[in-house]
Amino acid sequence: MSKEDISRRQFLNYTLTGVGGFMAAGMLMPMVRFALDPILKEGTDQEMVAVTSVEELANEPKRFDFKIKQKDGWYESDVTQSAWVYKAKNGDIIALSPVCKHLGCTVDWNTDPSHPNQFFCPCHLGRYTKDGTNVKGTAPLAPLDVYDSQVKDGKLYLGKAKPRKGA
Amino acid sequence: MKWKTKDADLFLKSGEYVDSLLIPLTPVSFTQDFKSSVTMAEYTELLCGEIERQLHGRLFLSPNFTYVKSESAIEKLTSFIEHVTNSGHFKHIFLMTSDVYWKEFEQRLSGQLFWVPALPLDNMDENYKLEVVKEQVKPLFQLIFKDWQRSINS
Numbered sequence: 001m002s003k004e005d006i007s008r009r010q011f012l013n014y015t016l017t018g019v020g021g022f023m024a025a026g027m028l029m030p031m032v033r034f035a036l037d038p039i040l041k042e043g044t045d046q047e048m049v050a051v052t053s054v055e056e057l058a059n060e061p062k063r064f065d066f067k068i069k070q071k072d073g074w075y076e077s078d079v080t081q082s083a084w085v086y087k088a089k090n091g092d093i094i095a096l097s098p099v100c101k102h103l104g105c106t107v108d109w110n111t112d113p114s115h116p117n118q119f120f121c122p123c124h125l126g127r128y129t130k131d132g133t134n135v136k137g138t139a140p141l142a143p144l145d146v147y148d149s150q151v152k153d154g155k156l157y158l159g160k161a162k163p164r165k166g167a
Numbered sequence: 001m002k003w004k005t006k007d008a009d010l011f012l013k014s015g016e017y018v019d020s021l022l023i024p025l026t027p028v029s030f031t032q033d034f035k036s037s038v039t040m041a042e043y044t045e046l047l048c049g050e051i052e053r054q055l056h057g058r059l060f061l062s063p064n065f066t067y068v069k070s071e072s073a074i075e076k077l078t079s080f081i082e083h084v085t086n087s088g089h090f091k092h093i094f095l096m097t098s099d100v101y102w103k104e105f106e107q108r109l110s111g112q113l114f115w116v117p118a119l120p121l122d123n124m125d126e127n128y129k130l131e132v133v134k135e136q137v138k139p140l141f142q143l144i145f146k147d148w149q150r151s152i153n154s
């Protein structure tokens with residue numbers, strides 16, 4: 001029989017290092033993963049939601065309601081949102097958030113008889129012009145938010161409502 | 001505004017703009033009326049939620065006023081409304097319910113009662129449900145606006 005090319009001591013050393021290495025890796029991997037987690041996380045930007053087909057849009061603002069998923073702590077719920085959408089003269093599609101910048105009521109289009117063709121907030125009589133700019137002297141201090149919008153296959157997709165600089 | 005800490009902070013800051021309180025009246029029962037009381041509560045909450053969403057800045061949505069039908073719910077509600085009025089925050093009080101019990105007390109309540117019979121919405125398609133709630137709520141807005149108008153004129 002040939003001489004053993006590996007001693008008992010060596011064999012035990014190798015196995016122990018191997019098993020120890022596995023165990024260390026098992027402990028360290030989750031820690032590294034946790035440390036890197038914020039980088040690996042996907043963007044939390046809200047996804048775009050299909051709201052309507054483009055043909056339904058006109059020069060007059062029209063209200064569309066749609067549902068988005070909202071996460072509130074552990075609780076996930078469907079939240080209804082609205083948008084006032086119209087086609088501008090140059091063909092651009094403009095989607096305004098109906099949430100009044102004063103205290104958050106929902107504004108309506110053309111409902112104040114003394115100020116036609118304006119957005120009107122019934123709560124504290126705030127007014128906005130058609131492009132969403134707040135009328136000076138009324139309650140709101142900033143223009144209406146604008147939704148990120150995108151047209152794909154004849155459908156209008158809306159994303160997040162973004163604030164604009166005040167007038 | 002809702003019964004939430006975030007809205008409570010806003011209320012503390014700009015309370016002078018918030019002068020209306022909406023109270024959902026929902027019966028509670030675990031006996032024979034169990035299912036119908038759940039349907040009523042769900043429906044009432046849905047309507048109240050939609051109204052709150054649209055009038056967020058002027059109307060505060062109170063937590064549900066729950067009651068057991070056999071007891072003297074009317075006395076409890078009266079003292080609750082009294083507490084609300086005495087707080088001095090609210091000039092307009094609206095009560096929303098699907099329970100016909102309140103209809104006979106309408107005159108005794110110091111708030112406007114909206115009685116809307118509950119519809120079974122549980123088997124309804126989501127989009128259709130949204131449509132139904134929107135239509136149901138529309139005339140209620142007119143009543144609320146009218147009440148607000150009255151206080152401007154008087």
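These protein sequence lines map, in sequence, to chains B and L. The first sequence maps to residues 1 to 167 in full-length UniProt numbering. The second sequence maps to residues 1 to 154 in full-length UniProt numbering. Ideal placement from N, C-alpha and C gives every residue a C-beta, glycine not left out. Quantities reported herein were computed from a predicted structural model and do not represent experimental measurements.
Practice problem: Tell me whether the beta-carbon of Leu144(B) lies closer than 8 Å to the beta-carbon of Tyr157(B). | Solution: no
Quiz item: Between the segment 20-34 of chain L and the segment 46-60 of chain L, do three or more beta carbon pairs fall short of 8 Å?
Solution: Under the three-pair Cβ rule at 8 Å, the segment 20-34 of chain L counts as touching the segment 46-60 of chain L.
Quiz item: Residues in the segment 71-103 of chain B with C-beta within 7 Å of chain L's C-beta atoms, listed in sequence order?
Solution: Thr80, Cys100, His102, Leu103
Quiz item: Hey, how far is the Cα of Ser151(L) from the Cα of Lys87(B)?
Solution: Roughly 38 Å between the two C-alpha positions.
Practice problem: Note down, in chain order, every chain B residue with its Cβ under 8 Å from the Cβ of Leu55(L). | Solution: What Leu55(L) touches in chain B: Cys105, Thr106, Pro122, Cys123.
Self-check item: Nonlocal neighbours in the same chain, by C-beta distance under 7 Å from Arg58(L), ignoring five residues either side
Solution: Tyr17, Val18, Asp19, Ser20
Exercise. Note down the Cα distance separating Ser98(L) from Thr39(L), rounded to an integer number of angstroms.
Key: 9 Å
Quiz item: What does Tyr17(L) touch in chain B if you count any residue whose Cβ is under 7 Å from its own?
Solution: Leu103, His124
Quiz prompt | Pro113(B) - containing alpha helix (DSSP H), residue span | solution = No alpha helix (DSSP H) holds Pro113(B); DSSP gives it neither H nor E.
Exercise. Assuming Leu130(L) contacts Cys105(B) (C-beta within less than 8 Å), just tell me the rounded distance between them.
Key: Not confirmed; about 19 Å, so no contact.
Exercise. Would you check if the segment 57-68 of chain B and the segment 77-97 of chain B touch, i.e. whether three or more CB-CB distances between them fall below 8 Å?
Key: As far as the Cβ criterion goes, the segment 77-97 of chain B touches the segment 57-68 of chain B, which means the pair count is three or higher.
Practice problem: With 7 Å as the C-beta to C-beta threshold (strictly closer), list the residues of the segment 115-149 of chain B near chain L in chain order. | Solution: Pro122, Cys123, His124
Quiz prompt | chain B within 8 Å of Phe105(L), Cβ atoms only | solution = no
Quiz item: Any beta-carbon of chain L closer than 8 Å to the one on Asp37(B)?
Solution: no
Quiz item: From Thr52(B) to Ser82(B), what distance separates their C-alpha atoms?
Solution: 12 Å
Quiz item: the segment 136-154 of chain L: which residues have C-beta closer than 7 Å to a C-beta of chain B, in chain order?
Solution: Phe145
Exercise. Please work out which residues of its chain come closer than 7 Å, Cβ to Cβ, to Ile6(B), disregarding the five sequence neighbours upstream and downstream, and give them in chain order.
Key: Closer than 7 Å at the Cβ level, and outside the excluded window around Ile6(B), lies no residue.
Self-check item: DSSP state of Thr133(B) mapped onto helix, strand, coil
Solution: coil
Quiz item: Residue range of the beta strand (DSSP E) that Arg63(B) falls in?
Solution: 62-72
Quiz item: Helix, strand or coil: which one does DSSP assign to Cys48(L)?
Solution: helix
Quiz item: So, are the CB atoms of Leu61(L) and Trp115(L) less than 8 Å apart?
Solution: Trp115(L) is positioned such that its CB atom lies no closer than 8 Å to that of Leu61(L).
Practice problem: At 8 Å on the CB atoms, spell out the chain L contacts of Asp65(B), in chain order. | Solution: Simply Leu130, Lys134.
Practice problem: Put Leu95(L) into one of helix, strand or coil per three-state DSSP. | Solution: Here Leu95(L) sits in strand by DSSP.
Quiz prompt | Proximal chain B residues relative to Ser14(L), where beta-carbon distance stays under 7 Å | solution = Leu103
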